[in-house]
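These notes are about the structure you will find just below.
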Ligand code: F0G
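In the working numbering, the protein residues as written are 35 to 493.
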């Protein structure tokens, strides 16, 4: 047995990207210009960028070397075959259709499997996933366990599905109206919360009984596997690669945004086991993305992705990755800051309802908090609350999610422990002056995924 050591990184830094510090006056102007929406800030005006862990991770020297091995043939690039072989080996899926990123795969699988009037149960919604299900004529039904909606609840697997909720839906609408269950590892909108293998196995049994498929949003599957290794007794001696493989094997297909776990700046895929679905997907991808052996990715990007997948399932890597997130989370907890518990795997989620209890939800507490943190230190975070939840399609009213959160998302292999300290200090400063903070009003609202481009003014 190796001696226990801290979560320290299993790599050393070979190249750096200088960033520039800004003044508070500059940040106030920049934020006003951006309509109080951190998505509309210029990257140059940001000191520590925690907007997302998507496409923002640092590639390894091996991945960069892979870029030089790009085979940019229009058809049959050797990098595609390397990617396909890697996905089969680590993720178990038989057939692969590359896409430009995760939502490209969501689009295709939704169009193939969903008919008008179908229901798609899932372990909490994700913004783009749900929208593609709706655009294909489906209705998303949340079947995550109730604990997931409670930011204080310490359940270890808050991403688990509630099988009773699924059974109730099957009884109500019939299995014929449920083409698949949409399962995410980990659940982003719940605060980066994992599912357990025990729960997934039980779900597999129930869906098999009714002939319902499971489509796996495997965007952060390695991080989920780490939490299983830590907290599900049966798996404590299994390595991450084995756990990842087992998760994937329990599902019928997957959509992947490889901009997260797999540490590339762009890319994704749809992977399935059913040859008929594959045939349809391979045909459809040429309409929306590109030929079925590149689907929106350059050959070099597929090579970097194949290498990134292998790196993503290394035990030392994932321990350091999640270890850094936990370091920040534990620091904030020690400061008494209200965050979603347990700490998630890809970021810290501040509980804006508790942080700013005097701001009504329709005055956008999380959007406000993200703005205030940026003004304080140039740390950019993201709203995950009422703005992200959008409007009810039938009534046109805001959806009022129980979770009103600000996500401090940690890119992989990018920032240091000292950066984590700066972030924590900034959140603490904003917390100390929370009573003086006022909410926002929305002055521009786009039709789809409004959080990306909406604009606000101070009340
Ligand atoms: N599923 C999950 C769980 C995600 O987190 C994302 C993206 C997608 C699907 C869509 O993938 O962006 O490659 O098209 N999440 C990013 C984020 C945007 O910041 O959490 P994509």
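For every residue, glycine included, the Cβ atom is placed at its ideal position computed from N, Cα and C.
What did DSSP end up calling residue i once you bin it into helix, strand or coil?
i, result
"residue 234", "helix"
"residue 305", "strand"
"residue 385", "strand"
"residue 133", "strand"
"residue 62", "helix"
"residue 155", "strand"
"residue 178", "strand"
"residue 363", "helix"
"residue 277", "helix"
"residue 402", "helix"
"residue 322", "helix"
"residue 393", "coil"
"residue 419", "coil"
"residue 448", "coil"
"residue 84", "coil"
"residue 247", "strand"
"residue 487", "coil"
"residue 492", "strand"
"residue 411", "helix"
"residue 440", "strand"
"residue 496", "As displayed, the chain neither begins before 35 nor continues past 493, which places residue 496 out of reach and without an answer."
"residue 169", "helix"
"residue 239", "helix"
"residue 100", "helix"
"residue 188", "coil"
"residue 70", "coil"
Closest to residue i by CA distance: which of the options is it?
i, options, result
"residue 262", "363, 250 and 281", "281"
"residue 201", "233, 169, 240 and 190", "240"
"residue 408", "40, 83 and 190", "83"
"residue 135", "217, 153, 115 and 251", "251"
"residue 117", "341, 141 and 41", "341"
"residue 50", "87, 65, 480 and 92", "92"
"residue 470", "478, 458, 479 and 393", "393"
"residue 213", "359, 287 and 52", "287"
"residue 259", "249, 237, 243 and 232", "232"
"residue 328", "145, 220 and 110", "110"
"residue 485", "421, 468 and 462", "421"
"residue 325", "99, 450 and 114", "114"
"residue 416", "423, 442 and 431", "442"
"residue 60", "46, 426, 455 and 76", "76"
"residue 256", "379, 130, 65 and 367", "379"
"residue 405", "291, 73 and 101", "73"
"residue 346", "321, 297 and 249", "297"
"residue 52", "42, 78, 120 and 157", "78"
"residue 304", "108, 493 and 146", "146"
"residue 198", "155, 309 and 361", "155"
"residue 121", "292, 482, 107 and 182", "292"
"residue 172", "482, 493, 474 and 427", "427"
"residue 312", "129, 58, 330 and 47", "129"
"residue 218", "55, 150 and 160", "160"
"residue 137", "468, 398, 43 and 323", "323"
Quick check: residue i and residue j, are their CB atoms within less than 8 Å of each other?
i, j, result
"residue 444", "residue 381", "yes"
"residue 190", "residue 174", "no"
"residue 104", "residue 302", "no"
"residue 488", "residue 71", "yes"
"residue 124", "residue 269", "no"
"residue 253", "residue 205", "no"
"residue 22", "residue 412", "Not covered by the structure: residue 22. The range shown for the chain is 35 to 493."
"residue 319", "residue 127", "no"
"residue 452", "residue 369", "no"
"residue 194", "residue 216", "no"
"residue 454", "residue 361", "yes"
"residue 162", "residue 483", "yes"
Kindly list the residues whose CB is nearer than 7 Å to the CB of residue i, restricted to its own chain and excluding five residues on each side of it in sequence; keep chain order.
i, result
"residue 385", "185, 372, 373, 374 and 439"
"residue 395", "420, 434 and 438"
Beta-carbon within less than 6 Å of residue i's beta-carbon, same chain only, minus the 5 sequence neighbours each way: which residues are those?
i, result
"residue 355", "446"
"residue 285", "248 and 250"
"residue 177", "155, 195, 196, 199 and 200"
With a 10 Å radius around its C-beta and 16 neighbouring C-beta atoms as the bar for buried, classify residue i as buried or exposed.
i, result
"residue 132", "buried"
"residue 85", "buried"
"residue 245", "exposed"
"residue 365", "buried"
"residue 402", "buried"
"residue 153", "buried"
"residue 234", "buried"
"residue 465", "buried"
"residue 157", "buried"
Ordered along the chain, which non-local residues of its own chain (more than five positions away) have a Cβ less than 8 Å from that of residue i?
i, result
"residue 477", "69, 489, 490 and 491"
"residue 40", "357"
"residue 187", "181 and 375"
"residue 352", "256, 257, 259, 260, 274 and 346"
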